[in-house]
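Working notes for the structure below.
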Amino acid sequence: MRKTIIAGNWKMNASKDSVKSLIGGILSGMEGVNAEVLVCVPFPYLSQVELLIEGSNLKLGAQNININASGAFTGEISADMIKDFGAKHVIVGHSERRSLYGETSSVVAKKTKAALDAGMTPLLCVGESLEHKKSGKTETVVEEQINAVIELLGIDSFHNIIVAYEPVWAIGTGMTATPEQAQAVHLFIRNLLGESSENIAQKTPILYGGSMNAGNAVELISCPDIDGGLIGGAALKAEDFLQICKAG
Ligand code: 13P
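Heads up: the sequence shown is residues -8 to 239, going by the working numbering.
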């Protein structure tokens, strides 16, 4: 039985004041939440959040890492650095990084490796653009994104990987995938993993992301192959985020 996981991706939204009230709000409503809950915060706020969540069930993650462990890479952040601030998870291959910062599936696979090498759990994001969806290429795109990781790291690496299916056309648009659409792609991903290992396929959490909110979370998460959510906008309001956490 896979556990429900709800992860907030704050993207580039935070201030010291907003972090204090958002984390405070989430912590005050965590009673009765059975899902595993984490927040992926911008780098400068890792330390603040690490202190605020001490002793709670809330987990901390980051949104990106460099493929290298250390060295002359000005402006970059390594997996060990974020781990140093209590982050156990890190998002890799978010579509915004793939499209705005040119991250190829090969780079994403290397970031996945960097996270695993540091003993962290990567949240590996995959998903197709509207163009790809319209031309019927959803499965081809997702397969290429997943296979890049299997080719570099082997199927056993998925023991410690969380997959997040985030159709690009659903991110920040309010155009959520229907439960049927999302379930179909989640099942496709699980079957793809199952071609290499049925055991891994059954154990790997596959989260949905893309305009998930308090109103549609229950319906999405109750699909058999949707194991939780990666939440953007709705993760910035404690009340909304908590409602999604309680849907799991
Ligand atoms: P929204 O929930 O704002 O659509 O963002 C989803 C996302 O990109 C999470 O990583």
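Using N, Cα and C, we set each Cβ at its ideal position, and we do this for glycine too. Note that this is a predicted model, so its numbers are computed, not measured.
Compute the minimum distance between the beta carbon of residue i and the heavy atoms of the ligand 13P, and state whether it is under 8 Å.
i: M(-8); result: no
i: G84; result: no
i: T164; result: yes
i: S90; result: no
i: A226; result: yes
i: N0; result: yes
i: I222; result: yes
i: A155; result: yes
i: C236; result: no
i: E94; result: no
i: G200; result: yes
i: E87; result: yes
i: C116; result: yes
i: A161; result: yes
i: M3; result: no
I need the DSSP call for residue i, collapsed to helix, strand or coil.
i: H85; result: coil
i: C214; result: coil
i: I56; result: coil
i: N190; result: helix
i: N0; result: strand
i: V24; result: coil
i: I137; result: helix
i: T195; result: coil
i: G219; result: strand
i: L51; result: strand
i: P35; result: helix
i: A155; result: strand
i: T65; result: coil
i: T169; result: coil
i: G224; result: helix
When every heavy atom of the ligand ZN is checked, does at least one fall within less than 8 Å of the C-beta of residue i?
i: A100; result: As for the ligand ZN, it is missing from this structure, which binds only the ligand 13P.
Measuring CA to CA, which of the options is closest to residue i?
i: L121; options: L114, E130, P113; result: E130
i: A208; options: T195, G223, K194; result: G223
i: T164; options: V176, T195, S202; result: S202
i: A229; options: H150, L211, A205, K7; result: A205
i: L211; options: K7, A78, E157, Y36; result: E157
i: H85; options: L221, F76, S9, E142; result: L221
i: V133; options: E87, G118, L143; result: G118
i: P196; options: V176, I217, F179, N182; result: I217
i: L233; options: M3, L18, L37; result: L18
i: A72; options: Y92, E87, Y36; result: The sequence given here has Met at residue 72, not Ala. It is Y36 whose Cα lies nearest to the Cα of M72.
Rounded to the nearest angstrom, what separates residue i and residue j at their Cα positions?
i: K74; j: M111; result: 8 Å
i: A225; j: C214; result: 20 Å
i: K101; j: T169; result: 32 Å
i: S47; j: E22; result: 11 Å
i: I235; j: T95; result: 31 Å
i: I146; j: E189; result: 10 Å
i: E186; j: W160; result: 28 Å
i: Q174; j: A5; result: 32 Å
i: I240; j: G200; result: Look at the range of the chain in this structure, -8 to 239, and you will see that residue 240 is not part of it.
i: K125; j: N25; result: 37 Å
i: V28; j: G62; result: 33 Å
i: T65; j: L144; result: 27 Å
i: S38; j: K7; result: 11 Å
Can you give me the Cβ contacts of residue i inside the same chain, cut-off strictly under 7 Å, excluding the 5 residues immediately before and after it?
i: I14; result: V40, L43, I44
Grab me the residues of residue i's own chain with a C-beta within less than 6 Å of its C-beta, minus the 5 sequence neighbours each way, in chain order.
i: V30; result: G(-1)
i: A60; result: S69
i: L140; result: Note on residue identity: the sequence assigns Val, not Leu, to residue 140. Taken in chain order, the residues that qualify are A100, T103.
Closer than 8 Å by C-beta to residue i: which residues in its own chain qualify, once you throw out the five before and the five after it? Chain order, please.
i: V83; result: N55, I56, V99, K102, T103, A106, P113, L114, L115, C116
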